[in-house]
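To keep things clear, I will list the structure first and then write my remarks on it.
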Amino acid sequence: MKGTMRLLWLSLLLLCSHALLPPGSKSSRNVTSDELALLSFKSMLSGPSALLASWNTSTNYCTWPGVVCSRRPPVRVVSLLMNSFNLSGNISPFLGNLSFLEELNLGNNQLVGEIPPDLGHLGKLQLLNLSKNLLEGSIPATIGGCTELKLLCLTNNKLQSEIPAEIGNLKNLLGLFLFTNAFSGEIPLSLTALPSIKHLAFFDNKLSGEIPASLSNLTNLQFLGLGKNMLTGSIPSSLGLLPKLYWLDLGFNNLSGVIPSCLWNISSLVTFSVQENSILSGTIPPNAFSNLPHLQEIYMDHNQFHGHIPASIANASELEHVQLGYNLFSGIVPPEIGRLRNVSWVELSQTLLEAKEPKDWEFLTALTNCSRLRMLDMMFCRFGGVLPSSVSNLSTSLEILFLGHNPISGSIPRDIGNLFNLQIVDFDENNFTGTIPLSFSRLTNLQGLTLHGNKLSGPIPSTFGNLTELNNLYLGANGFSGRIPSTMGNLTKLLELDLSSNNFTGSIPNGLFNIPTLSGFFDLSYNNLEGAIPQEIGNLQNLVQFHAEFNRLSGAREAKRKPLQRCSCQATHLSLIHSW
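Counted the way mature numbering (1 follows the signal peptide of the UniProt record, and there is no 0) counts, the sequence shown spans residues -19 to -1, 1 to 561.
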């Protein structure tokens, strides 16, 4: 009898303890709606992540990886944080049943299909991140039901169609990130009713039409990214009324007209881009940079801007990146540019900028004060006269120096080797004379060197063999003489080599045919080379073009290799900078 009573009391105790356990716990037999929604989500994944192995009814769902529950009753799922979980498959519509959900982060996975309209039932949701997936279709109009949403991030997917007007119902929205998709249509006017919005990022889509002037109503806006779309019309002057704007990207569109003068008065601007609109025109006002103390990046390239670069550029003392090329700017570069102590990137190519007298080159000497300079591009301009020796005093941080396609004369400054971090040097198609400075041998980080089409003479220094990082070497169309140094066989990373149209004599060094990376072209034509082509030519299995015509070569050797392919393969100077 006592044993029976003891078992009865034990049974009652266990029953009461079960009743006190939270929903979804290991010993509970009741499956809650939140647990069912999570299990449904797992069931629609194909090849679920190893991180979901513990998602089963034998454990408390509040302990499942990625699941966060509330600490106070009722115990409900408040966050589903599964960024970079290696998930694939579809998003279950049953996630819309997680009625207490505040954060849904499924970014950086391989999810496919469409965004379920059921997510619009999540009235408490504050963060929705589905970026970096493979989602297709449109943004469901039901998204307007997530009225507490503060951050909506759908970037880097395959979404298309128009941006739904219902997004204008998200009055608490602070950030809307839709870039790198295929959204089309016009920018919804309903967006201008979002009083709290700080970030609008729509770049890299297919949006068309004009930029709504009513965006000026978004007085809290700090980031406006509309670049890489198909927007047309003029830039609204009303954008100048956005007092907190620090990022304005309108580049890579079809905008026309001029830059409204009031935009130069947005003193909070850090980044300003109107690049590659093709038909934007006008001038930069003389005092344009006087009210931009925080400006760090300006991109105005590939347009029709003209006039002078104003000396007021020095007032934007925080500038780091200046990109003004592919325009009609003329005159000299203001020496005041040398007061930009933080500048690292100066691109002025394909303009009408010029230098005739030594004083016109004062800007280059001034740039020696810029210790962070990494890139200087002044190709396809009208810079003439003698290149100042002060170029050798530029920052040792300099990695790219482009001066090609100008009428520069005189010799290459002998101390150019001081710039020991240079990776690409392009002096192509100028009027340089004299010999190659011996200091070039100190440029051991050099990957691309173009001296093609000048009036250089003398031998190639044997120390060129020190430049073992070279990928591309173009010395053609000069007056170089003497023998090709055998040390050039040390350049074992060469992809292309052009020694054509010079006065080289002697035999071809065997070592040049032992460079396995040579694959683009190898041009020795129009010289005075003698002897036979070495049988090592058979080692160049990947070479597309080999030219040795118009020399004094004799004899013939049968090379055991596949025939050279007959196709045009020429590197351009733009490919050098893009690859860098």
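No residue lacks a Cβ here, since even glycine has one placed at the ideal position from N, Cα and C.
Could you work out which residue in 126, 92, 105 and 109 is closest to residue 115 when comparing CA atoms only?
Here residue 115 refers to the residue found at position 134 when the sequence shown is read from its first residue. The shortest C-alpha separation from residue 115 is found at 92.
Residue 308 vs residue 271 beta-carbon contact at 7 Å
Counted from its first residue, the sequence shown places residue 308 at position 327. Counted from its first residue, the sequence shown places residue 271 at position 290. Cβ atoms of residue 308 and residue 271: not closer than 7 Å.
Grouping DSSP H, G and I as helix and E and B as strand, with all else coil, what is residue 516?
In the sequence shown, residue 516 corresponds to position 535, counting from 1. Residue 516 falls in the helix class under three-state DSSP.
Going straight from the alpha carbon of residue 386 to that of residue 366, what length do you get?
Start at 1 with the first residue of the sequence shown, and residue 386 comes out as number 405. Start at 1 with the first residue of the sequence shown, and residue 366 comes out as number 385. Taking the Cα positions, residue 386 is about 13 Å away from residue 366.
Proximity of residue 335 and residue 363 at Cβ, strictly below 7 Å:
Walking along the sequence shown from the start, residue 335 turns up at place 354. Walking along the sequence shown from the start, residue 363 turns up at place 382. A distance below 7 Å separates the beta carbons of residue 335 and residue 363.
What's the call for residue 325, buried or exposed, on a 16-neighbour Cβ count within 10 Å?
Residue mapping note: residue 325 aligns to position 344 of the sequence shown, counting from 1. The residue in question, residue 325, is buried, as its Cβ has 16 or more Cβ neighbours within 10 Å.
Cβ-Cβ distance between residue 243 and residue 221 below 7 Å
Working through the sequence shown from its first residue, we reach residue 243 at position 262. Working through the sequence shown from its first residue, we reach residue 221 at position 240. Contact flag set, yes.
Nearest to residue 129 by alpha carbon, out of 427, 105 and 123?
Stepping through the sequence shown from its first residue, residue 129 is reached at position 148. When only C-alpha atoms are compared, the closest one is 105.
Closest by CA to residue 71, which one among 262, 486, 193 and 25?
The residue labelled residue 71 in the question sits at position 90 within the sequence shown. The shortest C-alpha separation from residue 71 is found at 25.
Taking its Cβ as the centre, do 16 or more other Cβ atoms sit within 10 Å of residue 518, making it buried, or is it exposed?
Counting from 1 along the sequence shown, the entry for residue 518 is found at position 537. Buried, because 16 or more other Cβ atoms sit within 10 Å of the Cβ of residue 518.
Beta-carbon proximity list for residue 491, same chain, < 7 Å, skipping 5 on both sides:
Counting from 1 along the sequence shown, the entry for residue 491 is found at position 510. The answer, listed in chain order, is 515 and 517.
Taking buried to mean at least 16 other C-beta atoms within 10 Å of its own C-beta, is residue 348 buried or exposed?
Stepping through the sequence shown from its first residue, residue 348 is reached at position 367. By the neighbour-count rule (16 or more Cβ atoms within 10 Å), residue 348 is buried.
Just how far apart, CA to CA, sit residue 125 and residue 169?
Here residue 125 refers to the residue found at position 144 when the sequence shown is read from its first residue. Here residue 169 refers to the residue found at position 188 when the sequence shown is read from its first residue. Cα-Cα distance, rounded: 14 Å.
Could you say which of 84, 311 and 508 lies nearest to residue 62 if we only look at CA atoms?
On the sequence shown, residue 62 is found 81 positions in, with the first residue counted as 1. Measuring from the Cα of residue 62, the nearest candidate turns out to be 84.
Since residue 459 and residue 430 should fall inside the 8 Å C-beta cutoff, what is the C-beta to C-beta distance between them, to a whole number of angstroms?
Within the sequence shown, numbered from 1, the residue matching residue 459 stands at position 478. Within the sequence shown, numbered from 1, the residue matching residue 430 stands at position 449. Residue 459 to residue 430, Cβ: 13 Å. No contact.
Straight-line gap, residue 64 to residue 350 (C-alpha atoms, nearest Å)
Taking the sequence shown and counting its residues from 1, one reaches residue 64 at position 83. Taking the sequence shown and counting its residues from 1, one reaches residue 350 at position 369. Spanning the two alpha carbons is a distance of roughly 45 Å.
In the DSSP assignment, find the beta strand (DSSP E) that holds residue 479 and state where it starts and stops.
Against the sequence shown, residue 479 aligns to sequence position 498. Run containing residue 479: 477 to 479, per the beta strand (DSSP E) assignment.
Between the C-alpha atoms of residue 160 and residue 122, what's the straight-line distance to the nearest angstrom?
The count along the sequence shown starts at 1 and reaches residue 160 at position 179. The count along the sequence shown starts at 1 and reaches residue 122 at position 141. Each residue's alpha carbon lies about 18 Å from the other.
Report the three-state DSSP secondary structure of residue 362 (helix, strand or coil).
Residue 362 sits at position 381 when you count from the first residue of the sequence shown. Three-state result, residue 362: coil.
Three-state secondary structure assigned by DSSP to residue 243
Working through the sequence shown from its first residue, we reach residue 243 at position 262. Residue 243: helix per DSSP, three-state reduction.
What is the DSSP secondary structure of residue 83, reduced to helix, strand or coil?
Sequence index remark: in the sequence shown, residue 83 carries index 102 (1-based). Looking at residue 83 - three-state DSSP - the assignment turns out to be coil, as it is neither helix nor strand.
What residues in its chain sit with their C-beta under 7 Å from that of residue 434, if we drop five residues either side in the sequence?
Here residue 434 refers to the residue found at position 453 when the sequence shown is read from its first residue. For residue 434, where only same-chain residues beyond five positions count, the Cβ hits under 7 Å are 409, 410 and 458.
Have a look at residue 285 and residue 361 and give me their C-alpha separation to the nearest angstrom.
The count along the sequence shown starts at 1 and reaches residue 285 at position 304. The count along the sequence shown starts at 1 and reaches residue 361 at position 380. Computed Cα separation, rounded: 16 Å.
What separation, rounded to the nearest whole angstrom, lies between the Cα atoms of residue 189 and residue 236?
Your numbering for residue 189 matches position 208 in the sequence shown. Your numbering for residue 236 matches position 255 in the sequence shown. Their Cα atoms are separated by approximately 11 Å.
Taking residue 344 as part of the alpha helix (DSSP H), name the residues at either end of that continuous run.
Position 363 of the sequence shown, counted from the start, is the residue given in the question as residue 344. 343 to 347 is the span of the alpha helix (DSSP H), which, as asked, contains residue 344.
Among 127, 466, 417 and 138, whose alpha-carbon lies nearest the alpha-carbon of residue 95?
Residue numbering aside, residue 95 sits at position 114 when the sequence shown is read from its first letter. Residue 138 is the option with its Cα nearest to residue 95.
Length of the line joining the Cα atoms of residue 174 and residue 278
For the purposes of this step, residue 174 is identified with residue 193 of the sequence shown, where counting begins at 1. For the purposes of this step, residue 278 is identified with residue 297 of the sequence shown, where counting begins at 1. Cα to Cα, the separation comes out at about 30 Å.
Figure out for me which residue from 419, 455, 312 and 148 has the closest Cα to the Cα of residue 405.
Working through the sequence shown from its first residue, we reach residue 405 at position 424. Selected option, being the one with the closest Cα: 455.
Contained alpha helix (DSSP H) runs [length at least 4] in the segment 4 to 76, N- to C-terminal order:
14 to 24
Alpha-carbon to alpha-carbon, residue 23 and residue 38:
Residue 38 sits at position 57 when you count from the first residue of the sequence shown. Residue 23 sits at position 42 when you count from the first residue of the sequence shown. Approximately 12 Å between the Cα atoms of the pair.
At 3 residues or longer, what runs of the beta strand (DSSP E) sit wholly inside the segment 212 to 300?
228 to 230, 235 to 239, 252 to 254, 260 to 263, 278 to 280 and 285 to 288
Determine the burial state of residue 484: buried for a count of at least 16 other Cβ atoms within 10 Å of its Cβ, exposed for fewer.
In the sequence shown, the residue the question calls residue 484 occupies position 503. So residue 484 counts as exposed.
What is the rounded straight-line gap between the Cα of residue 240 and the Cα of residue 253?
Counted from its first residue, the sequence shown places residue 240 at position 259. Counted from its first residue, the sequence shown places residue 253 at position 272. Roughly 11 Å separates the two Cα atoms.
Within a Cβ cutoff of 6 Å, which residues of the same chain sit near residue 374, ignoring the five residues on either side of it in sequence?
Indexing the sequence shown from 1 puts residue 374 at position 393. If we look at residue 374 and ignore the five residues flanking it on each side, its Cβ neighbours are 349.
Taking 7 Å as the limit between beta carbons, can you name the residues of its chain near residue 150, skipping five residues before and five after?
Against the sequence shown, residue 150 aligns to sequence position 169. Around residue 150: 125 and 128.
Please report the straight-line C-alpha distance between residue 524 and residue 141, rounded to a whole angstrom.
As a first step, residue 524 is located in the sequence shown; it is residue number 543 there, counting from the start. As a first step, residue 141 is located in the sequence shown; it is residue number 160 there, counting from the start. Going from the Cα of residue 524 to the Cα of residue 141 covers about 43 Å.
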